[in-house]
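Asks:
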Ligand SMILES: NC(=O)c1ccc[n+]([C@@H]2O[C@H](COP(=O)([O-])OP(=O)(O)OC[C@H]3O[C@@H](n4cnc5c(N)ncnc54)[C@H](O)[C@@H]3O)[C@@H](O)[C@H]2O)c1
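In this note's numbering, the protein residues as written are 29 to 279.
(1) What's the C-alpha gap between residue 215 and residue 171?
(2) Does the beta carbon of residue 228 sit closer than 8 Å to a beta carbon anywhere in chain D?
(3) If contacts are defined as beta-carbon pairs under 8 Å, then residue 39 and residue 118 qualify, I think. What distance do you get, rounded to the angstrom?
(4) Return the CA-CA distance between residue 251 and residue 113, expressed in angstroms with no decimal places.
(5) Do you know whose CA, among 249, 260, 267, 159, lies nearest residue 238's CA?
(6) In chain order, what residues of the same chain have a beta carbon less than 8 Å from the beta carbon of residue 104, not counting five sequence neighbours either side?
(7) Mind reading off the beta-carbon distance from residue 193 to residue 179? Whole number of angstroms is fine, and I expect it under 8 Å.
(8) From what residue to what residue does the alpha helix (DSSP H) around residue 296 run?
(9) Note the first and the last residue of the continuous beta strand (DSSP E) segment covering residue 64.
(10) So, at 7 Å on beta carbons, what are the nonlocal neighbours of residue 89 in its own chain, with the 5 sequence-adjacent residues on each side left out?
(11) With the cut-off set at 8 Å, would you say residue 181 and residue 127 are in Cβ contact?
(12) Would you call the region 134 to 142 and the region 69 to 81 in contact, with 3 or more CB pairs under 8 Å?
(13) Helix, strand or coil: how does DSSP classify residue 266 here?
(14) Are the Cβ atoms of residue 45 and residue 242 separated by less than 8 Å?
(15) Going by the CB atoms, is the gap between residue 265 and residue 248 shorter than 8 Å?
(16) Which same chain residues end up closer than 7 Å to residue 188 when comparing Cβ atoms and leaving out the 5 residues on each side of it in sequence?
(17) Please go through the region 31 to 111 and give each complete beta strand (DSSP E) segment of 3 or more residues, from N-terminal end onward.
(18) Ignore the nearest five residues each way along the sequence and tell me which others in residue 150's own chain have a CB closer than 7 Å to its CB.
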């Protein structure tokens, strides 16, 4: 149990990837504070964690509001006595409200930046003083290959994730001397429901013959949190089945 006695905050812990990350860190022995916008989602995952013997704390918090994040992080520290890890997983591309930028609503543009960029920065800002004081910590931001490659109807989402990748590099330089690692994990397409033609879908979204699962992302986060990855900081690791690689050829 490599993470025994360690405490993690997972933002968006009630979501698809967040839940998988919570379970993976819990299996490695960590205690988990599940942050989510919806109390019900946080409660559901916390209950699942308790059922596998993990001590957990469900927290309803809107990460776009700094004061709430600050208060909730303080409560987590009071409850567990320490905070060792932060996984910034809350967010998403608002798939159903995507539009070309010249037609996109200002509200969606602001919301994408509020949650995916400012929300993650709020969590880092609130958690890092505890890590600096403890002289140790590990932060993983879930970003996206959209930030590397661009994608139609994703300008605001790409800007938010790209901003977070850029911030990660500067933060790694600042936090490194305090023995704190910070990295990004950039998924390609992670599907929640299996499509009818799985192989065709997999080949459209990767160079491999299988679909990326939430567990693929969670395994990578777990790797980043373990001593074996302790010399890695300031990096953005693509977990995309090779989708972001080079040119696809002329056919
Ligand atoms: N699913 C993919 O294909 C994919 C690909 C690349 C990157 N990502 C990234 O992975 C992360 C998780 O994605 P997912 O597919 O699990 O999405 P999801 O919608 O299942 O989970 C996101 C969670 O974040 C929570 N959340 C949203 N706004 C919040 C706020 N203001 N405060 C607190 N919590 C909030 C939601 O309630 C939800 O539980 C996101 O950051 C997303 O951008 C996903």
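No residue lacks a Cβ here, since even glycine has one placed at the ideal position from N, Cα and C. This structure is a prediction, so every number in the text was calculated from the model and none was measured.
Replies: Taking the coordinates as given:
(1) As a first step, residue 215 must be located in the chain shown, where it is residue number 187. As a first step, residue 171 must be located in the chain shown, where it is residue number 143. Straight-line Cα distance between these residues: approximately 7 Å.
(2) Reference to chain D is not applicable here, since this structure consists of a single protein chain.
(3) Stepping through the chain shown from its first residue, residue 39 is reached at position 11. Stepping through the chain shown from its first residue, residue 118 is reached at position 90. Residue 39 to residue 118, Cβ: 4 Å. Contact.
(4) For the purposes of this step, residue 251 is taken as residue 223 along the chain shown, with counting starting at 1. For the purposes of this step, residue 113 is taken as residue 85 along the chain shown, with counting starting at 1. Distance between the alpha carbons of residue 251 and residue 113: 13 Å.
(5) On the chain shown, residue 238 is found 210 positions in, with the first residue counted as 1. The option with the nearest alpha carbon to residue 238 is 267.
(6) Here residue 104 is taken as the residue at index 76 of the chain shown, counted from 1. Result list for residue 104: 35, 37, 61, 85, 87, 111, in chain order.
(7) Within the chain shown, numbered from 1, the residue matching residue 193 stands at position 165. Within the chain shown, numbered from 1, the residue matching residue 179 stands at position 151. The Cβ separation is near 15 Å, so there is no contact.
(8) Absent from the model: residue 296. The displayed extent of the chain is 29 to 279, so no value can be given.
(9) The sequence position of residue 64 within the chain shown is 36, counting from 1. Looking at the DSSP string, the run of the beta strand (DSSP E) that includes residue 64 is 59 to 64.
(10) Here residue 89 is taken as the residue at index 61 of the chain shown, counted from 1. The answer, listed in chain order, is 63, 96, 97, 100.
(11) Looking up residue 181 in the chain shown gives position 153. Looking up residue 127 in the chain shown gives position 99. Against a cut-off of 8 Å, the Cβ pair of residue 127 and residue 181 comes out as a contact.
(12) no
(13) The residue given as residue 266 occupies position 238 in the chain shown. It is a strand residue.
(14) What you label residue 45 is simply residue 17 of the chain shown in a count that begins at 1. What you label residue 242 is simply residue 214 of the chain shown in a count that begins at 1. Yes.
(15) Residue 248 sits at position 220 when you count from the first residue of the chain shown. Residue 265 sits at position 237 when you count from the first residue of the chain shown. Contact flag set, yes.
(16) In the chain shown, counting from the first residue as 1, residue 188 sits at position 160. So the qualifying residues of the chain are 140, 141, 144, 145.
(17) 35 to 39, 59 to 64, 84 to 88
(18) One-based indexing of the chain shown puts residue 150 at position 122. Excluding positions up to five away in sequence, the list reads 91, 94, 97.
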